[in-house]
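Engineer: Below is a structure I'd like to ask you about.
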Amino acid sequence: MTTLFGSGIKRREDPRFLTGRGSFVDDLKLPGLTYAAILRSPHAHARLKRVETAAAKAAPEVLAVYTGQDIKDKAGPVPCAWNVPNCDLKIPAHPLLAWEKVRYVGDGVAMVVATSRAAARDALELIEADYEPLPAVVSPEAATRPGAPALHPEVPNNIAFTWVVSGGDAEAAFRSAEVKVSQRIVQQRLLPNAMEARAAIASWNPGTGQLTLWSSSQNPHIHRFLCSVMLKLPEHKIRVISPDVGGGFGSKIPVYADEVLACFAAMALGRPVKWTEDRSENYQATIHGRDHVQYVELCGTKEGKITGLRTRVYAGLGAYASTAGPGVPTILHGLMYSGAYTIPNIHGTVYGVYTTTTPVDAYRGAGRPEATFLIERLVDLYAREIGTDPAELRRKNLIPRDKFPYTVATGISYDSGNYEAALDKALGLLDYKSFRTEQARARTGGRYLGVGVVCYTEICGLGPSQVAGAVGFGGGLYESAIVRVYPTGVVRVYVGSRPHGQGEETTFAQIVADEFGVPIETVEIVAGDTESTPQGWGTYGSRTTAVSGSAVKLAAGRVKEKVKKLAAHLLEASEGDLEWNDGRFSVKGSPDQGKSFGELALMANVAWNMPAGMEPGLEASAFFDPSNFVFPYGTHLSTVEVDAETGEVKVLRYIAVDDCGPQINPMIVRGQVQGGVVQGLGEALQEMAVYDEQGQLLTGTMMDYAVPRASQMPAIETAHTVTPSPVNPLGVKGIGEAGTIASAACLVNAVCDALAPLGIKHIDKPLTPARVWAAMQAARAAGGGGGTR
Amino acid sequence: MKRSVTLSVNGTSHTLEVEPRTLLVHALRDDLNLTGTHIGCDTSQCGACTVHLDGKAVKSCTVLAVQAEGHEVTTIEGLNGGSPGELHPIQTAFWEKHGLQCGFCTPGLIMCAVDLLASNPRPSEDDIRHAIEGNLCRCTGYQHIVEAIRAAADAMRPIPAQA
């Protein structure tokens, strides 16, 4: 029997989506369903003086209107669950609905519940809220300056935390350095844009005291846990069901006010309540990503050996600390400052800053893209400074393959890698030398061709629970699985993670079908319902295959052990005399004396003839807590041409060589890389959430925020190297975020390389034609670039 | 003030009481329980709500339910005559080429692709990328979707054997 591990089989979850029979939250209806709508603040910062709801309450079909005053003592606040230690973190309470002050455009002010969606919306217009506007501040750097508007009285200078990471002696390294380069980098704010916005249905059963919440969530078990705290309801009385989830990209990790408000209203009214976010609301009320202002510098020798790296980062948190907000620019960012390189001396300071904007939290890559970008830009600046080829400079500084596990200066230990092999493979696929020749020729003709090189590594497969506790994460990071075999031999696997597009209904079934030697059609993966699935911490941080998949593998292994013992008993042989072939245990040397997995499943379930001491039934569970994170890596290359007249960037080729260890399903891996790369190219070329000085979100709809379209994006060439991880039984690493982590830096490096003849060293993303054109004009005016026309 | 509207959807006639402002997408989802047509934005940018009106792809968030009266509406549920268990060649190609991940944009993209191949049976990659530019997908990066539509074009109109 051929193994399914490594086979790019079609996905088992697809038919329901292809035929329009997926089950997303807003598709669901319950008897007596009511609809909620939220009134949101139009001001970025204001004192809330009065909220008059009488007219709304009297409107047709309206069942209830709630304000912050009505509920502040009954439910909430919205918790932050990543209490990063040793940084004096201050977490002001975020009420479910504002009652004293609003602190961002979109902050909830009141909720209407009515018998139709339209009536609830209409009634919002009848609520009169009086605001006394206060000054806004949207830049995390500006918010720390003396005299900046203060958001929270208990947070001086709006600084939520000052987090420091240090290894070696960076100060000494810079003092004695032969070469130094530095750059100010703006990591613009991004909008996650899961195609399905958030949605919730809450239903309360007063007979059993049970609350059921259907929610578009990446981590229903975390939401149950946090809802329990906010609603003061025992955790076992709450069931969270996350049915099909239309994308997340981090934005469905946090717990938000809106879902909890739906629960509150369902309990108060005794009727089910549905809340569905529209897109413009999503842009205000769902978390944003990135938002750093970074001052970074790197030092090294004249020969191209990096000796030190320093950062000072202002990381915007938005108006409140979101669920994982403080952990993203610290643990997931600062600990990765060594990138793929041996950098002996590192010092980083990250200021977490409150601004009058939507909260910022994990968005695809979450902290690692912001780290990779600054490192990879600095390496390019260094290469240019000493006149060395950027690919060769990288080669000189990559962590050598014989040094793994390798502990970087920030203190974390990388599990495995052969970084140079990925670099070589990528350079070969491009024919890097030929491109450099072509580039030189093009330059003499006044054309701007460039190549971007990025060697990335990332921390994922989160992670050891002990480390989670040590870094203040408010939960564990193990995963669990139950493998249940029915009398007819079919299998259901219950997992605590919540895949939402990454294909684990297929890849986990591949693991189990291999283990049991059964057709994959007989294996079903169940996720998303806290009532049936065991405890899990969710799908994010490229952790689901490495951690949840390993739990599945271990649980299936336990079932297999039991089946083997039963087979030995029934065949009257010792376990050592059995061999496993094609889904069947048989006695060595007598292949016709055997029992298939299906026969053994039946015998275990009927329990007519069990060995002494063996329990009936055939099911096992496993909890897997990894011994370390996993560190996927790779080299990405892109080539671009920049239009000399308009500044428009054309991507010529994009080559991604990634190493995520052994691939369970290469087709799915390819899809993850392509999608991830395009998301990063959107960041590099066109995406940016823009606030004006008054804190109004100018990119308030999909007309204004440039989600990449098919006609704007190139085809991605993918290739791989395979280096197993030693920290899980599958040897796998994550691949969901890798593309995004590498591609933004890769593309910006390519454009800056193209524009080197003009003396342009850096342009902040997104590299819109207007920005590139302005940089070219400024460079030409300054006399840069003999090569201009 | 509700008014009566008769809609022909997937070959079946339905008479509904709707407010004049009701969008076709809401009538399909809320009144007819055809929830395969999704809503991904509120500004006609994302294409998740794409259906066919008399065989042409339209965004059902830009059509009022009352405007659809007298026209034939086809949703993802009615593609391929709605025969259960049998996929349209474009659905098959999306499956085989991994043209979907979370699946939310998928019905809209498939309805768009059906319209494209009806008017342009042999589209180039560029044709495809432009034809679907009104349909946003955040997961796939579009590449497998483009490959799926090309594969479907080949399957639906095989290249004639060389003489």
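Those protein sequence lines, which keep their order, are chains A and B. First residue of the first sequence? That's 1 in the working numbering, and the numbers climb one at a time after it. First residue of the second sequence? That's 1 in the working numbering, and the numbers climb one at a time after it. From the three backbone atoms N, C-alpha and C, an ideal C-beta is built for every residue, glycine too. Everything numeric in this text was worked out from a predicted model, so none of it was measured.
Can you find a C-beta in chain A that's less than 8 Å from the C-beta of T140 of chain B?
Structural biologist: yes
Engineer: Who does N205 of chain A pair with in a DSSP beta bridge?
Structural biologist: A:Q210
Engineer: Pull up the CB-CB distance for K560 of chain A and D577 of chain A, whole angstroms please, since I reckon it's below 8 Å.
Structural biologist: About 17 Å; that fails the 8 Å criterion.
Engineer: Could you tell me which of A:W773, A:I346 and A:I741 sits nearest to H458 of chain A, measuring between CA atoms?
Structural biologist: Note that residue 458 of chain A is Glu in the sequence shown, not His. Nearest of A:W773, A:I346 and A:I741 to E458 of chain A, Cα basis: A:I741.
Engineer: Spell out whether any CB of chain A is found under 8 Å from the CB atom of H130 of chain B.
Structural biologist: yes
Engineer: Answer yes or no: does any C-beta atom of chain A fall closer than 8 Å to that of E17 of chain B?
Structural biologist: no
Engineer: With 16 as the cutoff for other CB atoms within 10 Å, does E17 of chain B come out buried or exposed?
Structural biologist: exposed
Engineer: Is it true that the CB of I482 of chain A sits closer than 8 Å to the CB of E619 of chain A?
Structural biologist: yes
Engineer: Could you tell me the distance, in whole angstroms, from the CA atom of T75 of chain B to the CA atom of L28 of chain B?
Structural biologist: 9 Å
Engineer: With a CB to CB cut of under 8 Å and the five nearest residues on each side skipped, what residues in its chain are close to V229 of chain A?
Structural biologist: P79
Engineer: The segment 15 to 44 of chain A: which residues have C-beta closer than 9 Å to a C-beta of chain B, in chain order?
Structural biologist: P15, R16, F17, L18, T19, G20, R21, G22, S23, F24, D26, D27, L28 and K29
Engineer: I need the straight-line Cα distance from I763 of chain A to Y295 of chain A, nearest angstrom please.
Structural biologist: 14 Å
Engineer: Please tell me whether P107 of chain B has its Cβ less than 8 Å away from any Cβ of chain A.
Structural biologist: Interface flag for P107 of chain B against chain A is set, since a Cβ pair is found closer than 8 Å.
Engineer: If Y363 of chain A sits next to G289 of chain A, beta carbons under 8 Å apart, how far is it from one beta carbon to the other, in whole angstroms?
Structural biologist: 2 Å
Engineer: For P326 of chain A, does the count of other Cβ atoms within 10 angstroms reach 16, so buried, or fall short, so exposed?
Structural biologist: By the neighbour-count criterion, in which a residue is buried when 16 or more other Cβ atoms sit within 10 angstroms of its Cβ, P326 of chain A is buried.
Engineer: So T175 of chain B contacts chain A; which residues on that side make the cut at Cβ distance below 7 Å?
Structural biologist: Only positions 1 to 163 of chain B appear in this structure, which leaves residue 175 of chain B out of reach.
Engineer: Pick out whichever of A:A93, A:V451, A:V109 and A:G549 has its Cα sitting closest to the Cα of T53 of chain A.
Structural biologist: A:V109
Engineer: Using the Cα positions of A129 of chain A and A366 of chain A, report the straight-line distance between them to the nearest angstrom.
Structural biologist: 36 Å
Engineer: Of all the options A:E385, A:P220 and A:E515, which has the alpha carbon lying nearest to the alpha carbon of I306 of chain A?
Structural biologist: Per the Cα distances, A:E385.
Engineer: If contacts are defined as beta-carbon pairs under 8 Å, then K553 of chain A and E683 of chain A qualify, I think. What distance do you get, rounded to the angstrom?
Structural biologist: Going by Cβ atoms, the distance from K553 of chain A to E683 of chain A rounds to 34 Å, so no, they are not a contact pair.
Engineer: Quick one: give me the first and last residue of the beta strand (DSSP E) that C299 of chain A is part of.
Structural biologist: For C299 of chain A, the enclosing beta strand (DSSP E) covers residues G289 to G300.
Engineer: For V293 of chain A, count neighbouring C-beta atoms within 10 Å of its own C-beta (all shown protein chains included) and say buried if the count is 16 or more, exposed if not.
Structural biologist: buried
Engineer: Who pairs with K305 of chain A in a beta bridge, going by DSSP?
Structural biologist: DSSP lists no partner for K305 of chain A.
Engineer: Interface residues of chain B around N581 of chain A at Cβ under 7 Å?
Structural biologist: Per Cβ cutoff of 7 Å: no residues; N581 of chain A is ~31 Å from chain B at best.
Engineer: Determine, using beta carbons only, whether S44 of chain B and K59 of chain B come nearer to each other than 8 Å.
Structural biologist: yes
Engineer: Go ahead and pull the three-state DSSP assignment for T144 of chain A.
Structural biologist: helix
Engineer: Where does M1 of chain B land, buried or exposed, given buried means 16+ other C-beta within 10 angstroms?
Structural biologist: exposed
Engineer: Quick check on the DSSP output: what are the complete beta strand (DSSP E) runs of length 3 or more inside the segment 402 to 482 of chain A, in order along the chain?
Structural biologist: 448 to 457
Engineer: In or out: T718 of chain A buried (at least 16 other Cβ within 10 Å) or exposed?
Structural biologist: By the neighbour-count definition (other C-beta atoms within 10 Å, threshold 16), T718 of chain A is a buried residue.
Engineer: Hey, which unbroken runs of the beta strand (DSSP E) at 3 residues or more fall wholly within the segment 71 to 95 of chain A?
Structural biologist: none
Engineer: If distances are taken between C-alpha atoms only, which option among A:M111, A:A46 and A:P708 comes closest to T259 of chain A?
Structural biologist: In the sequence as displayed, the identity of residue 259 of chain A is Glu instead of Thr. Selection A:M111, A:A46 and A:P708 evaluated against E259 of chain A yields A:M111 as nearest (Cα-Cα).
Engineer: Do you know how far the Cα of V732 of chain A is from the Cα of I668 of chain A?
Structural biologist: 14 Å
Engineer: Report, in whole angstroms, the separation of the C-beta atoms of G348 of chain A and V379 of chain A, which I expect to be a contact under 8 Å.
Structural biologist: Actually they are not in contact, since the Cβ atoms of G348 of chain A and V379 of chain A sit about 16 Å apart, beyond 8 Å.
Engineer: Mind checking if A710 of chain A is an interface residue toward chain B, Cβ cutoff 8 Å exclusive?
Structural biologist: yes
Engineer: Just to confirm, is the Cβ distance from Y341 of chain A to A315 of chain A under 8 Å?
Structural biologist: In this structure, Y341 of chain A keeps its C-beta atom at 8 Å or more from the C-beta atom of A315 of chain A.
Engineer: I'd like the list of long-range same chain contacts for A46 of chain A, defined as Cβ closer than 8 Å, with 5 residues on each side in sequence excluded.
Structural biologist: K101, V102, Y131, E132, P133 and L134
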